[in-house]
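Residue numbers (my numbering): 1 to 403. Every residue gets a Cβ at the ideal spot worked out from N, C-alpha and C, and that includes glycine. In what follows, a single structure is set out as structure tokens and then discussed.
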């Protein structure tokens, strides 16, 4: 089917439109209805997908593909009660059906504990730091009562500045809740060093539909501080808020706000607006363009760390994605990011900034993922231009074996 080829070759918007036209012409065709639901899932619209699968099941209640597809959509939208019901219906006796075995395997892996770790670092010429690195890891328990997980959180980082080499360590534990419309984490933690303290961190997200997401967060022992601030024994209480909108996986926009109250009396505030659009696609290739605008202010402009009284930035990012190998849910993807823009800092005028990154992503199995990248960037801070090399690595790994 031409529409299916268009869909799975990467042009999901055109593929969806072609499939919708076919469904309009043949509304009783089971295969078309199931393909339409699959298209919604590929576009990151799981609620739309679940609704389409339900329509297909109403017409053909014994369709294994539609029932397994509804199970996949329910997992994607965190409807764990429905996915459990479908798993109980399909877990035995349908081993010859690929859609069923794929869903059963996915459901079983969703029950497992898992580990995530994000590492990053860079080397510059001293304006921010001579060098720095950090590792941020989470260990999650198996699912508890369908929606809950316990987790342990460990952060370690070090940065070298002209005044010292501060080490930041924070250990925490908490609970994670996920449901169809709500996401929430709550953590109790303890940090080390001259600004050591016991802290609380929480994040709450509301997702009323496939298109909208509203986030708020609070952390009174934030890890997001300049290394020169850590070196001077400064801590921070951080509040965040964001609104995210997407039409589907090809177009999105976000407005965010961050407020940091530092222990030295500084109040740092940042507003950012961004929009991303897929501008070109062909089999194995995709090109996205993003525009980001931001402004920030600081109460103390003469702090020991970079603290501009007021600044503005505008930047454009082009992202090229190439997937030379894909087999079922396993794949290798290479991404190239190119960013350029203009930065204005009060009392210091305008300057250009730029960044180039190369990233590789491996889906090692259907449920584990490794991403790593390197990059270079240049940006002026006060009167000094910082030229940095950077690296990062991210790992997601399920623990144990499926049921």
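Check: Range covered by the beta strand (DSSP E) that runs through residue 281; Outcome: 267–282
Check: Within the region 163–240, ranges of the alpha helix (DSSP H) (whole runs, at least 4 residues); Outcome: 227–231
Check: Spatial neighbours of residue 152 in its chain, beta-carbon cut-off 6 Å, leaving aside the 5 residues before and after; Outcome: 139 and 173
Check: For residue 396: DSSP bridge partner residues; Outcome: 116 and 369
Check: Burial state of residue 307, where buried means 16 or more other Cβ atoms lie within 10 Å; Outcome: buried
Check: Proximity of residue 256 and residue 272 at Cβ, strictly below 7 Å; Outcome: yes
Check: Contact belief for residue 415 with residue 86 at Cβ below 8 Å, rounded distance in angstroms; Outcome: Lying outside 1 to 403, the shown extent of the chain, residue 415 is not represented and no answer is given.
Check: Own chain residues within Cβ distance below 6 Å of residue 199, not counting five before or after; Outcome: 189, 220 and 221
Check: Rounded straight-line distance, which links the Cα of residue 37 to that of residue 186; Outcome: 35 Å
Check: Whole-number beta carbon distance between residue 133 and residue 170, since they are thought to touch under 8 Å; Outcome: That belief does not hold up - the Cβ atoms of residue 170 and residue 133 are roughly 15 Å apart, past 8 Å.
Check: Burial state of residue 213 (16 or more Cβ within 10 Å); Outcome: buried
Check: Cβ-based neighbour list, residue 130, same chain, cut-off 6 Å, excluding 5 preceding and 5 following; Outcome: 160
Check: Member of 47, 391 and 393 whose CA lies at the smallest distance from the CA of residue 211; Outcome: 47
Check: Alpha-carbon to alpha-carbon, residue 287 and residue 321; Outcome: 6 Å
Check: Reduced DSSP secondary structure (H/G/I, E/B, other) of residue 145; Outcome: coil
Check: Residue 12 classed as buried or exposed, judged by whether at least 16 other C-beta atoms fall within 10 angstroms; Outcome: buried
Check: Where residue 161 sits in the DSSP three-state scheme; Outcome: coil
Check: CB-CB length for residue 136 against residue 155, believed under 8 Å; Outcome: 5 Å
Check: CB of residue 253 within 7 Å of CB of residue 275, strictly; Outcome: yes
Check: CA-to-CA distance, residue 108 to residue 261, given in whole angstroms; Outcome: 43 Å
Check: Stretch pair the region 322–330 + the region 360–372: three plus CB contacts closer than 8 Å; Outcome: yes
Check: Cβ pair residue 215, residue 166 closer than 7 Å; Outcome: no
Check: Reference residue 182; option with closest CA among 30, 147 and 263; Outcome: 147
Check: Residues near residue 388 in its chain [Cβ-Cβ closer than 6 Å; skip 5 each side]; Outcome: 122, 124 and 377
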